[in-house]
Amino acid sequence: MSGIRQATASFMMRAFLRSIGEVNMGNTDKFERIAGTYDTPERIHIAKVSSDAIREHLADAKSKNAIDFGCGTGLVGMNLLNDFHSMLFLDASPNMMNQIQQKISDSNLSNAHTLCFDFEKSELSDLRADYIFMAQVLLHIEDYEFILSRLFDVLHEGGHLLIVDFNKNEHIVSDLVHNGFHQEELIGKMTKMGYGNIQSKTFYAGDNLFMGQDATMFILDAQK
Numbered sequence: 004m005s006g007i008r009q010a011t012a013s014f015m016m017r018a019f020l021r022s023i024g025e026v027n028m029g030n031t032d033k034f035e036r037i038a039g040t041y042d043t044p045e046r047i048h049i050a051k052v053s054s055d056a057i058r059e060h061l062a063d064a065k066s067k068n069a070i071d072f073g074c075g076t077g078l079v080g081m082n083l084l085n086d087f088h089s090m091l092f093l094d095a096s097p098n099m100m101n102q103i104q105q106k107i108s109d110s111n112l113s114n115a116h117t118l119c120f121d122f123e124k125s126e127l128s129d130l131r132a133d134y135i136f137m138a139q140v141l142l143h144i145e146d147y148e149f150i151l152s153r154l155f156d157v158l159h160e161g162g163h164l165l166i167v168d169f170n171k172n173e174h175i176v177s178d179l180v181h182n183g184f185h186q187e188e189l190i191g192k193m194t195k196m197g198y199g200n201i202q203s204k205t206f207y208a209g210d211n212l213f214m215g216q217d218a219t220m221f222i223l224d225a226q227k
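In this note's numbering, the protein residues as written are 4 to 227.
If you want it as structure tokens, here you go:
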């Protein structure tokens with residue numbers, strides 16, 4: 004497929020996907036336990052691939068503020084920090100927050116902030132952003148349509164939501180995560196929520212990429 008970067012080694016992301024198998028949808032307890040050992044070479048590689056894909060969809064972002072939603076240890080957001088005026092790292096796991104807070108402190112960053120908060124349980128009426136991105140996050144959220152509608156309210160008018168996740172893989176059956184998403188189906192649901200100017204594409208492929216199955220990843224850009 005043109006425009007798709009093929010993974011050069013079949014082990015890429017196996018460790019990440021093994022951890023998926025340990026995490027129930029919407030359950031941060033397991034992420035709490037793996038926070039200290041989360042930054043493996045495989046995850047760092049996938050974060051770089053994901054952040055490069057996100058960067059291609061940024062426009063005049065140097066004056067904009069962003070939210071790394073479901074940031075984990077901040078691997079994707081840290082790669083994009085210099086592309087924005089400021090960034091909020093948001094996650095429901097306190098231990099994940101501790102990891103990114105340490106990175107921010109060690110690097111003496113003034114344009115990075117953190118918030119430990121669970122959007123599935125509550126909402127922040129005063130939270131606003133120009134860009135929100137979520138990388139390999141949507142598959143963990145059971146009622147993802149509810150979260151996408153809440154994120155629509157967080158965006159400034161004209162703001163962008165960028166989603167990086169797996170394409171639908173019918174060979175995977177799991178109660179732990181969604182088995183990927185059909186891009187057109189996701190676009191249809193988001194259009195009904197009010198999102199517009201939606202574009203998506205598959206940008207990455209690899210062997211044994213998703214729970215032992217060959218899989219592809221897509222990026223979706225939606226605007227308020």
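The beta-carbon is built from N, C-alpha and C at its ideal position, and this holds for glycine as well.
Query raised in the report: Does DSSP classify LYS204 as helix, strand or coil?
Result: DSSP places LYS204 within a strand segment (E or B) once states are collapsed to three.
**Report entry** Limits of the unbroken beta strand (DSSP E) element including THR219
**Finding:** It spans 216-226 - the beta strand (DSSP E) in which THR219 sits, taken as one unbroken run.
Query - Start and end residues, alpha helix (DSSP H) containing VAL180 - result: Run containing VAL180: none; DSSP gives neither H nor E here.
Query raised in the report: Helix, strand or coil for ILE135 per DSSP?
Result: In the three-state reduction of the DSSP assignment, ILE135 falls in the strand class, which pools E and B.
Requested in this report: My understanding is that ILE190 touches ASP224, with C-beta atoms under 8 Å, so please give their C-beta distance in whole angstroms.
Outcome: Their Cβ separation, rounded to whole angstroms, is 11 Å, which puts ILE190 and ASP224 out of contact at 8 Å.
Query raised in the report: In terms of alpha-carbon separation, which member of SER177, ILE150, PRO97 and ASN170 lies closest to PHE120?
Result: When only C-alpha atoms are compared, the closest one is PRO97.
Requested in this report: Can you give me the Cβ contacts of SER203 inside the same chain, cut-off strictly under 6 Å, excluding the 5 residues immediately before and after it?
Outcome: GLN186, PHE221 and LEU223, listed in sequence order.
Query raised in the report: Excluding the five sequence neighbours on either side, which residues of its own chain have a C-beta within less than 7 Å of the C-beta of PHE122, listed in chain order?
Result: Once the five neighbours on either side are set aside, the close Cβ partners of PHE122 are ILE150 and ARG153.
Requested in this report: Using only alpha-carbon positions, find the residue among PHE169, GLU126, ASN111 and VAL140 that is nearest to PHE155.
Outcome: Out of PHE169, GLU126, ASN111 and VAL140, GLU126 has the C-alpha closest to the C-alpha of PHE155.
Query raised in the report: So, do the stretch 81-88 and the stretch 162-177 have three or more beta carbon pairs nearer to each other than 8 Å?
Result: No: the two stretches stay apart, fewer than three of their Cβ pairs being nearer than 8 Å.
Report task. Using the Cα positions of LYS51 and LEU78, report the straight-line distance between them to the nearest angstrom. Result -> Cα to Cα, LYS51 sits roughly 8 Å from LEU78.
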